[in-house]
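Working notes for the structure below.
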Ligand SMILES: Cc1ncc(COP(=O)(O)O)c(C=O)c1O
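In the numbering used here, the protein residues as written are 24 to 615.
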């Protein structure tokens with residue numbers, strides 16, 4: 024019964040179920056007996072509070088149905104009416120702080136206690152609800168309401184009461200809700216995100232959650248060097264989880280299928296012994312920016328009851344929303360972002376998240392639910408202990424703190440504009456570099472059909488590599504260093520500025536020579552993570568650096584690019600074309 028939700032006695036066997044007795048029980052819980060003056064003063068307010076709880080429940084179920092058929096203007100009216108009720112309830116809560124403050128003051132014993140305790144934060148925190156930005160909740164722990172509510176919090180059954188910021192923190196939850204809304208839209212209620220202190224900790228936690236000793240992991244060959252190192256050097260190590268790892272080249276479903284078949288054959292013994300196959304893919308992938316046929320890879324995997332983890336960092340929800348794919352069988356099971364990159368977008372913090380279906384991420388302690396873990400398969404029971412929250416998140420402690428979560432939230436607000444600018448610059452840079460026949464350009468723009476199928480407006484990942492056939496390594500190094508300051512010499516992609524790096528020496532230096540070769544990375548491969556500058560400044564600088572350092576070895580190299588006039592036109596045409604398609608793609612609210 025709902026009334027016990029507000030009672031400090033949430034025992035399994037309630038003593039009373041009628042309102043008057045529950046209220047009396049509450050007051051007695053705090054030492055206020057029936058028949059006293061205090062009892063008589065408080066009881067009318069409590070009666071109304073318990074009744075209000077019932078009314079709020081009613082509004083919730085009413086709104087759920089009503090919004091399905093209400094006119095838009097009526098939705099506006101309902102939202103604002105409810106929003107105002109929030110202010111009214113907060114006003115009541117704020118008013119209640121006046122007697123509470125007095126009562127608190129009366130309890131003060133002496134100065135030392137006052138210094139040590141400081142202000143009682145709850146009393147002053149109520150107006151913070153109306154901060155126009157998410158509140159940075161900078162605390163390790165939270166005030167208890169009562170033992171039963173806290174017991175419920177520890178079991179994941181009471182969400183009002185945070186316990187400890189390593190487990191849940193309101194600012195971080197605000198970000199988690201934000202990213203789920205962006206990735207999942209109308210289906211946001213079915214998904215949940217967990218935030219981590221970095222992209223790597225999100226990847227580590229997801230793999231730790233899923234992989235068991237001796238399991239098998241299939242990867243695409245081009246992944247971020249840190250992920251490669253984590254998987255091969257930690258998960259693959261005999262004395263750790265001793266997982267078997269198979270990597271596939273190529274980006275299409277048949278490339279994956281062939282690898283999948285071969286893996287099953289190669290590890291038939293492990294599979295017979297009950298070990299499982301998992302798939303970890305990165306798309307668009309590092310360092311070339313190629314996109315994979317994620318829907319196809321998910322479909323094949325799910326048909327074989329295999330779980331797919333996708334690192335979607337480079338895509339951001341702007342370019343690809345894999346969890347919004349219409350066919351559920353073509354969606355990954357776990358989607359990972361490094362917030363450090365384009366989502367935060369300004370290079371000011373590190374963070375990461377994983378998004379998955381509610382029942383794979385969190386079930387309250389002690390409970391189990393029936394799930395279809397693979398589309399089209401039979402229902403299966405999953406217990407709370409097998410959800411990611413309890414299995415790894417709750418105990419591992421790589422939580423994203425509130426200030427970082429706030430930074431990411433602020434960054435995401437401008438994601439669309441930053442990504443649009445970056446994609447435009449990527450197209451211009453790609454076409455410019457391509458115009459020089461001596462440069463081998465690798466980018467998602469070489470995958471026109473797949474881009475058209477996968478990314479928003481067939482826009483490219485703002486990541487590419489160049490191979491310039493310079494033989495003299497010393498000269499090559501001088502050339503790369505001379506690209507500064509227009510091209511930033513730094514490693515973290517996804518900032519406002521364009522950065523250039525040599526993957527073999529930096530982001531992918533963890534890979535052996537053999538792996539580098541398979542990933543198509545040579546010692547002189549240059550990775551460009553495209554930023555938001557005026558692309559002509561980048562191009563002008565690049566051409567001059569080439570004249571300075573490459574022309575002496577490769578005669579007239581810098582003359583091989585399209586003309587200055589052509590590139591000025593290219594910038595204009597690309598800018599207009601992409602903006603026109605972008606605006607045309609937006610649905611009009613008037614025609615809904
Ligand atoms: C595609 C991709 N995934 C994950 C990561 C790791 O993220 P973080 O640096 O936040 O740990 C990176 C970092 O460069 C990356 O490029």
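From the three backbone atoms N, C-alpha and C, an ideal C-beta is built for every residue, glycine too. None of these values were measured; they are calculated from a predicted model.
Can you give me the Cβ contacts of residue i inside the same chain, cut-off strictly under 6 Å, excluding the 5 residues immediately before and after it?
i	result
residue 514	524, 529 and 530
residue 373	221 and 363
residue 332	229, 303 and 357
residue 554	519, 520 and 521
residue 377	217, 225, 229, 357 and 359
residue 180	387
residue 15	Since the first residue of the chain shown is 24 and the last is 615, residue 15 is not available in this structure.
residue 411	232 and 384
residue 328	397
Taking residue i as the reference, give the member of the options with the closest Cα.
i	options	result
residue 522	265, 552 and 498	552
residue 339	486, 353, 613 and 492	486
residue 284	103, 266, 324 and 335	324
residue 189	163, 170 and 202	163
residue 49	27, 557, 59 and 64	27
residue 46	67, 166 and 60	67
residue 120	139, 138 and 147	147
residue 613	561, 563, 209 and 95	95
residue 452	72, 595 and 99	595
residue 408	511, 392, 397 and 158	392
residue 290	389, 262 and 241	241
residue 509	538, 517, 557 and 527	557
residue 195	165, 176, 160 and 214	160
residue 365	350, 347 and 337	337
residue 114	99, 57, 58 and 153	153
residue 257	399, 321 and 234	234
residue 361	546, 434, 321 and 261	434
residue 370	427, 267 and 31	427
residue 445	598, 157 and 155	598
residue 207	268, 262, 347 and 71	347
Leaving out five residues before and five after residue i in sequence, what residues of the same chain have Cβ atoms less than 7 Å from its Cβ?
i	result
residue 541	244 and 272
residue 25	Here the model assigns residue 25 a pLDDT of 48, short of 50, so the residue's position is not dependable, and the following value carries that caveat. Around residue 25: 76, 77 and 80.
residue 314	274, 306, 307, 467, 470, 473, 474, 477, 478 and 484
residue 459	583 and 584
residue 568	502, 505 and 506
residue 341	438, 439, 442 and 479
residue 415	228, 231 and 232
residue 570	581
residue 282	241, 269 and 271
Taking the alpha helix (DSSP H) that residue i belongs to, which residues open and close that run?
i	result
residue 386	Looking at the DSSP string, residue 386 is not in any alpha helix (DSSP H), and its letter there is neither H nor E.
residue 621	Here the chain comprises residues numbered 24 to 615, so residue 621 is not present and cannot be evaluated.
residue 404	Counting along the chain, residue 404 falls outside any alpha helix (DSSP H), though it belongs to the beta strand (DSSP E) covering 403 to 406.
residue 550	No alpha helix (DSSP H) holds residue 550; the beta strand (DSSP E) holding it covers 548 to 552.
residue 446	438 to 457
residue 61	60 to 92
residue 47	42 to 52
residue 379	From DSSP, residue 379 is part of no alpha helix (DSSP H) but of the beta strand (DSSP E) over 375 to 380.
residue 429	425 to 435
residue 477	471 to 477
Which residue marks the beginning of the beta strand (DSSP E) containing residue i, and which one marks its end?
i	result
residue 490	486 to 490
residue 609	Neither: residue 609 is in no beta strand (DSSP E) and is coded neither H nor E.
residue 394	391 to 394
residue 182	Run containing residue 182: none; DSSP gives neither H nor E here.
residue 463	463 to 466
Only counting the same chain, and skipping five residues up and downstream in sequence, which positions put a Cβ closer than 8 Å to that of residue i?
i	result
residue 576	493, 494, 495 and 498
residue 609	none
residue 186	164, 165, 173, 176 and 177
residue 403	393, 394, 395 and 396
residue 237	264, 265, 266, 267, 293, 296 and 298
residue 199	215, 216, 217, 218 and 376
residue 511	518, 520, 521, 522, 523 and 554
Complete runs of the beta strand (DSSP E) confined to the region 261 to 342 [at least 3 residues]: 267 to 271, 300 to 305 and 330 to 334, all fully within the region 261 to 342.
In chain order, each alpha helix (DSSP H) run of at least 4 residues that lies wholly inside the region 124 to 158: If we require 4 residues or more, the alpha helix (DSSP H) runs fully inside the region 124 to 158 come out as 134 to 140 and 144 to 148.
Ranges of the beta strand (DSSP E) found wholly within the region 198 to 255, counting only runs of at least 3: Segments of the beta strand (DSSP E) lying fully in the region 198 to 255: 214 to 219 and 239 to 243.
In chain order, each alpha helix (DSSP H) run of at least 4 residues that lies wholly inside the region 520 to 577: Those alpha helix (DSSP H) runs which fall completely within the region 520 to 577 and span 4+ residues are 536 to 541 and 558 to 572.
Length-filtered (3 minimum) beta strand (DSSP E) runs lying within the region 337 to 372: Those beta strand (DSSP E) runs which fall completely within the region 337 to 372 and span 3+ residues are 357 to 361.
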